[in-house]
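In the numbering used here, the protein residues as written are 13 to 516.
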C-alpha cells in the first residue's frame, strides 16, 4: 500500500501531503481561470429572465408586430366611415393634327387642362354614399380659349334599396375583431412568459445536474482511492474495487454529458433572451412560491369575460349571419337609387364663368330581379345557412371545451403546493439519508450497492424539487393566459396601448 492511500484510508494526512494537495488545487484553479478568460458571467434570477423575455425576445417582438397589423386594419375600417376627399387633374393634354373645315383640311392644335375635387361620405346605417363634385376645364384650340365648369358644383346621393349593407355588419364585427386582437396580444405576452419559463428551468435543471455529477465524481474518486487502500490491505474483494472503479468512470462520463447539456440549454436561453454569445449565464434557483389556491368558478368567469376566444365565438357567429344575409340579398329583388343636383357653366373668359350657371338634375333608379339562375341563388342561401349552423354547433362545443380546459388547469395548479411541499421534504430527507449511508459505508457497515442507491435517490430528489418549481410556474402562467387574470395579485391583466410603440 502506498503512503497516500494509507493516509486517505486512515484519515491522517501528513503536512507534506496537505501541501501537495493545496498545490494541486491552486493549479486546477489557474487552469480554470485561463479557460474562462474573456468570458463574462451574468447571474440571472427567474424574475429577471421573465422581464428580459417580455422586453426583447423574438416572440415578444412578433406579438407586437402582429398587434400593429390588427391595429391598422381597425384604423382602415374607421377611415371608411369618415369623409373622403380626392383631387384629379390633367396637366396638360396637348394634341396636334388636322381636321376637315369649310371643305378643306386645316391644322388644329389644342391644349387642355382640367382639375376636379370630389368629396364623398359613406352612410353606415343605410349603406349609401353622399357626394359633392366640382370641376374646372380650360381648352385652348388654335387661338380660341374656352373655360367650362361641368359640374360647377354637383351634390348627390347613391342609395341601394333592399340590398346588402356591408357597413351594418362591419359595425358589429370590426370592433369585436380589434378587441379580440388586444386580448390576443396579452395572451401572446403570457405565452412569452411560458416560453421563458421553459428555457430558464431547462438550463437550471442542466446546471444543477452538472453540479450533482461533479459532486458525485468527486465522491466516487474519493471512494475509489479509499477502496484501493482497503483492497491493498485485503479488507475488500477485487470485485467491489472494480465496481467502484466502474462507478468512477460512469461519473466522469456523466460530468461530460452534463457539461454538453448545459452548453446546449445555455445557447437556447441566450438565443431567446438575445444575450451575447460571450456571456456565461448562472441561474439562481427561485424561492418557494407563496402558497394560494384558485377558485375554479372564478377562473371560468374571468376566462369568459377576458379571453380573446370569448370574443372570437361571438364574432364567428356574426360572420356566419353576415354571409346568410348577403346570400339572401343577392337572391331577391334589389334596386339602386342615384339622385343629384348641380350647376354647370361655360365662358370664353374666366371671370364670366360663374355669371350665369345652368341647373343640372339627374334621377336614376336601377333594379335587378333574378328570373332564372337554375337554383344558384337558392343554393348559395342554403350553403350559407348550413355554414351558420355548423359554426354555431362548433362554437357551442368549443365553449364547453373552453370551460373544461380552465377547470382542469385550476385543478392542476391547486395541487402544486402539496407537490412543492413533498418535493422539498424529499430533497432534505434524501440528502440526509445519503450522508448517513456514506458514513456507514466508510466504516464498512454497508456495501457499495446501498451507497449507489442512496446517491441516486438524492440526485432524483434534488432534481425533483426543481421540476416541481418548474411545473408550478408553468401552470401559473398557463392559467394567466387562459383567464387573462393575475390570481397571485388578484387583478385582471389589462391591455395598455402605450406598450406598443409607433402606432401614431
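Idealized CB from N, CA, C, for every residue including glycine.
Notebook entry, point to check: In this structure, does DSSP put residue 344 in helix, strand or coil?
Noted result: The DSSP-derived three-state label of residue 344 is coil.
Notebook entry, point to check: Can you give the Cα-Cα distance for residue 176 and residue 83, rounded to whole angstroms?
Noted result: Each residue's Cα considered, the two are about 26 Å apart.
Item checked: Spatial distance of residue 106 from residue 355 (CA atoms) -> One C-alpha to the other measures close to 28 Å.
Check: For residue 382, does the three-state DSSP call read helix, strand or coil?
Finding: Here residue 382 sits in coil by DSSP.
Check: What whole-angstrom Cβ distance do residue 346 and residue 173 have, given they're in contact under 8 Å?
Finding: About 7 Å separates the beta carbon of residue 346 from that of residue 173, a gap short enough to meet the 8 Å contact definition.
Next item on the list: Tell me residue 158's beta-bridge partners as DSSP assigns them.
Entry: 151, per the DSSP bridge assignment.
Next item on the list: Give a yes or no on contact between the stretch 68-75 and the stretch 84-102, applying the rule of three or more CB pairs nearer than 8 Å.
Entry: Contact annotation: the stretch 68-75 does not touch the stretch 84-102, with fewer than three C-beta pairs closer than 8 Å.
Notebook entry, point to check: Who are the near neighbours of residue 337 in its chain, counting only those whose CB is closer than 8 Å to its CB and skipping five residues on each side?
Noted result: Cβ neighbours of residue 337 beyond the five flanking positions: 176, 181.
Checklist line | First through last residue of the alpha helix (DSSP H) which encompasses residue 431 | finding: Start and end: 428-454.
Notebook entry, point to check: Is the beta carbon of residue 398 sitting closer than 7 Å to the one on residue 374?
Noted result: No, the pair does not count as a contact, with Cβ atoms beyond the cut-off.
Check: According to DSSP, is residue 518 helix, strand or coil?
Finding: No answer is possible for residue 518: the residues shown for the chain start at 13 and end at 516.
Item checked: Beta-bridge partners of residue 278, as assigned by DSSP -> According to DSSP, residue 278 bridges with nothing at all.
Note to self: Quick check on the DSSP output: what are the complete beta strand (DSSP E) runs of length 3 or more inside the stretch 289-342, in order along the chain?
What the structure shows: The qualifying runs are 291-295.
Margin query: Helix, strand or coil, according to DSSP, for residue 114 in the structure here?
Written below: Coil, per DSSP.
Check: Cβ of residue 205 within 7 Å of Cβ of residue 489?
Finding: In contact: residue 205 and residue 489 (Cβ atoms closer than 7 Å).
Notebook entry, point to check: Do you know offhand how far residue 445's Cα is from residue 466's?
Noted result: Distance between the alpha carbons of residue 445 and residue 466 is about 7 Å.
Checklist line | 7 Å Cβ cutoff met for residue 376 and residue 405 | finding: No. Outside cutoff.
Next item on the list: Can you tell me the Cβ-Cβ gap for residue 123 and residue 152, rounded? I've got them flagged as a contact below 8 Å.
Entry: Confirmed, about 5 Å.
Next item on the list: Tell whether a beta-carbon distance below 7 Å holds between residue 323 and residue 418.
Entry: Contact flag unset, no.
Margin query: Is the beta carbon of residue 130 closer than 7 Å to that of residue 160?
Written below: Result no, Cβ atoms of residue 160 and residue 130 do not sit closer than 7 Å.
Check: In whole angstroms, what separates the C-alpha of residue 222 from that of residue 55?
Finding: The C-alpha of residue 222 lies about 17 Å from the C-alpha of residue 55.
Next item on the list: Starting from residue 478, trace the alpha helix (DSSP H) both ways and give me its first and last residue.
Entry: The continuous alpha helix (DSSP H) containing residue 478 extends over residues 460-495.
Note to self: For the alpha helix (DSSP H) containing residue 61, name the first residue and the last one.
What the structure shows: Counting along the chain, the alpha helix (DSSP H) containing residue 61 begins and ends at 58-68.
Notebook entry, point to check: Do residue 239 and residue 256 have their CB atoms nearer than 7 Å?
Noted result: Yes, Cβ-Cβ distance for residue 239 and residue 256 is below 7 Å.
Next item on the list: Spell out the partners DSSP gives residue 124 in its beta bridges.
Entry: For residue 124, DSSP records a beta bridge to 105, 151.
Margin query: Tell me the rounded alpha-carbon separation between residue 250 and residue 431.
Written below: Rounded to the nearest angstrom, the two C-alpha atoms are 44 Å apart.
Checklist line | Counted within 10 angstroms of its Cβ, other Cβ atoms place residue 194 as buried (16 or more) or exposed | finding: Buried: at least 16 other Cβ atoms inside 10 Å.
Check: Relative to the C-alpha of residue 168, which residue among 141, 302, 94, 343 is closest?
Finding: The candidate whose alpha carbon is nearest that of residue 168 is 141.
Notebook entry, point to check: Tell me, which residues are paired with residue 359 by DSSP?
Noted result: Under the DSSP definition of a beta bridge, residue 359 partners with 159.
Next item on the list: With a cut-off of 8 Å on the beta carbons, I'd call residue 393 and residue 328 a contact; round off their distance for me.
Entry: About 19 Å; that fails the 8 Å criterion.
Note to self: Taking the straight line between their C-alpha atoms, what separation do you get for residue 426 and residue 420?
What the structure shows: Cα to Cα, the separation comes out at about 10 Å.
Item checked: Beta-bridge pairing of residue 166 - partner residues as DSSP gives them -> Residue pairing by DSSP puts residue 166 in a beta bridge opposite 145, 354.
Checklist line | Nearest-angstrom Cα separation, counted from residue 209 out to residue 485 | finding: Between residue 485 and residue 209, the C-alpha separation is close to 7 Å.
Item checked: Minimum C-alpha distance to residue 360 - residue among 307, 201, 157, 128 -> Per the Cα distances, 157.
Margin query: Pairs of beta-carbons, one from the stretch 221-236 and one from the stretch 257-265, closer than 8 Å: are there three or more?
Written below: Yes: the two stretches touch, three or more of their Cβ pairs being nearer than 8 Å.
Note to self: Rounded to the nearest angstrom, what separates residue 44 and residue 502 at their Cα positions?
What the structure shows: Low confidence applies here, because residue 44 scores a pLDDT of 43, under 50, leaving its location unreliable; read the following figure in that light. The straight-line gap separating the alpha-carbon atoms of residue 44 and residue 502 is approximately 48 Å.
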